[in-house]
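Novice: Numbering (full-length UniProt numbering), first residue to last: 1 to 151.
First the structure, which I've put down as structure tokens, then a few questions once you've had a look.
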């Protein structure tokens, strides 16, 4: 028996969650004539989904590193314009010219975080290229992207 996703079962919930009530709700939902089974994903679809999840996690990690660098600079009295470009543009200048405000330890720490940032950028770029290559190979993706060259 194939299980139904949560959005189909939710209207049938009857109180606090437990296995018995979940099973009862699934049994009731399955008997409804309007319920359609969810098609299984192909291996290619699962691979693409996982690529997107890993890329999303890497982007979150990069955002955390950038925010931490910006927070360290702000704590030292050096505000930086928001966004990737603003920090990327200002960071080399701040690290080389503001040694009066930044201690050698803080400079080393920020340089280390900037290295993490660069590594994450490279990993995100690789994942993005992989996703783009897979999308170009798939007829449905090419159609969604507006390419009329489906042949």
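Don't be surprised by glycine CBs; every beta carbon is placed ideally from N, CA and C.
Predicted model, so just to flag it, every value in this text is computed and none were measured.
For residue 84, count the other beta carbons within 10 Å of its own beta carbon; 16 or more makes it buried, fewer makes it exposed. Which is it?
Specialist: Position 84 of the chain shown holds residue 84. Answer is exposed; the Cβ neighbour count stays below 16.
Novice: Can you tell me whether DSSP reads residue 18 as helix, strand or coil?
Specialist: Residue numbering aside, residue 18 sits at position 18 when the chain shown is read from its first letter. Coil.
Novice: Considering only their Cβ atoms, is the gap separating residue 123 from residue 58 smaller than 7 Å?
Specialist: Against the chain shown, residue 58 aligns to sequence position 58. Against the chain shown, residue 123 aligns to sequence position 123. Going by C-beta atoms, residue 58 is nearer than 7 Å to residue 123.
Novice: Quick check on DSSP: helix, strand or coil for residue 31?
Specialist: As a position in the chain shown, residue 31 is number 31, starting the count at 1. The answer is coil: DSSP assigns residue 31 none of H, G, I, E or B.
Novice: For residue 22, which residues of its own chain have a beta-carbon under 6 Å away from its beta-carbon, when the five flanking residues on both sides are left out?
Specialist: Here residue 22 is taken as the residue at index 22 of the chain shown, counted from 1. Within the same chain, residue 22 has no close Cβ partners at all.
Novice: Return helix, strand or coil for residue 101, following the three-state DSSP convention.
Specialist: Indexing the chain shown from 1 puts residue 101 at position 101. Residue 101: coil per DSSP, three-state reduction.
Novice: Between residue 43 and residue 93, what straight-line distance do the alpha-carbon atoms span, to the nearest angstrom?
Specialist: The residue labelled residue 43 in the question sits at position 43 within the chain shown. The residue labelled residue 93 in the question sits at position 93 within the chain shown. One C-alpha to the other measures close to 48 Å.
Novice: Determine the extent of the alpha helix (DSSP H) in which residue 61 is found, giving its start and end residues.
Specialist: Stepping through the chain shown from its first residue, residue 61 is reached at position 61. Start and end: 43-75.
Novice: Quick check: what's the CA-CA separation for residue 19 versus residue 25?
Specialist: Within the chain shown, the letter at position 19 stands for residue 19. Within the chain shown, the letter at position 25 stands for residue 25. Approximately 10 Å, taken between the alpha carbons.
Novice: So, with DSSP's three-state summary, where would you put residue 91?
Specialist: As a working mapping, residue 91 is identified with position 91 in the chain shown. DSSP places residue 91 in helix when its eight states are reduced to three.
Novice: What first and last residue would you give for the alpha helix (DSSP H) that runs through residue 238?
Specialist: In the structure displayed, the chain extends from 1 to 151; residue 238 sits before or after that span and is not available.
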